[in-house]
Each structure stands twice: as C-alpha cells, then as structure tokens.
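Some notes on the structure that comes next.
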Amino acid sequence: MKVAMFLAAALLSMSALADDMPTYKLELKDGVLKPARLQVPVNTKFRLEVSNTGKTPAEFESTQLRKEKVLAPGVTSSVVILPLAAGEYKFFDDFHMATAQGVIVAK
1073 MKVAMFLAAA
1083 LLSMSALADD
1093 MPTYKLELKD
1103 GVLKPARLQV
1113 PVNTKFRLEV
1123 SNTGKTPAEF
1133 ESTQLRKEKV
1143 LAPGVTSSVV
1153 ILPLAAGEYK
1163 FFDDFHMATA
1173 QGVIVAK
C-alpha cells in the first residue's frame, strides 16, 4: 500500500512539473508556418504545441532536434523539446517542403 501511494505521489509531482514547462504554439496551415521563427530560452525544456489548421496533412519535422509529428487536418499535438544549447535549429513541414521552413532560436 505504501509503495502504491509513493508511486501515485511521484506521478502527480511529475505531472505538475510537466505543467510548469513553458509551452510555445506553432501553426501549420497548408504550407505556411506561424511563426516561422520561434525564440526560446537556452537550457530550458519546453513543449511545442503544433496545430494543423489547414485542409491537408502536415508534418512537423526537425532532423537537428530528432523530432517529427504527423498531423491530420484539424489536429493539435505536442512535442517536448529537451534543453537546447544556444543556436538555431531548423524545422519544416515535410509535406510542404517548398514553402514551410522555420527555425527555433535558443538564446
């Protein structure tokens, strides 16, 4: 019983920490990224809330960050990005490569 209560308390505290994580929003809409340039603090774990508000599928992808997320039209999802060193990290919509290029700037 004590172990179960300890595990429940640990899970609740981890959930509270996740809620304290900064969240940034990114909109993918038929080949357009808003914002295309996103500034975040260095050495800070954060959540990127990605929304596909377009009429076609979209895919948030960053080879530098090793993240990708495919979204059907009308879907919103999140990606957690681990703390970044100062610099620029490119991302793109893999379904709209010609027009949807962006960068996360860690300062």
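Mapping of the sequence shown onto our numbering: residues 1073 to 1179, in sequence order. Beta carbons are placed, not taken as given, at the ideal position from N, Cα and C, and that holds for glycine.
- Sequence-distant Cβ neighbours of Phe1163 in its own chain, meaning closer than 6 angstroms and more than five residues away, are Ser1134, Gly1174.
- Contact annotation, Val1122 with Thr1148: C-beta distance approximately 7 angstroms; criterion of less than 8 angstroms satisfied.
- Per DSSP, the continuous beta strand (DSSP E) segment holding Asp1165 begins and ends at 1159-1165.
- CA-CA distance, Pro1155 to Thr1128, rounds to 31 angstroms.
- If you look at Lys1101, you'll find it in the beta strand (DSSP E) that goes 1095-1101.
- According to the DSSP assignment, Leu1154 belongs to no beta strand (DSSP E), since it is labelled neither H nor E.
- Take Lys1097, set aside five residues on each side of it, and the residues of its chain with a beta-carbon closer than 6 angstroms to its own are Glu1121, in chain order.
- The Cβ neighbour count for Asn1115, taken over all protein chains shown within 10 Å, is under 16; the residue is labelled exposed.
- Distance check between His1168 and each of Glu1140, Val1151, Ala1130 places Ala1130 closest, using alpha-carbon atoms only.
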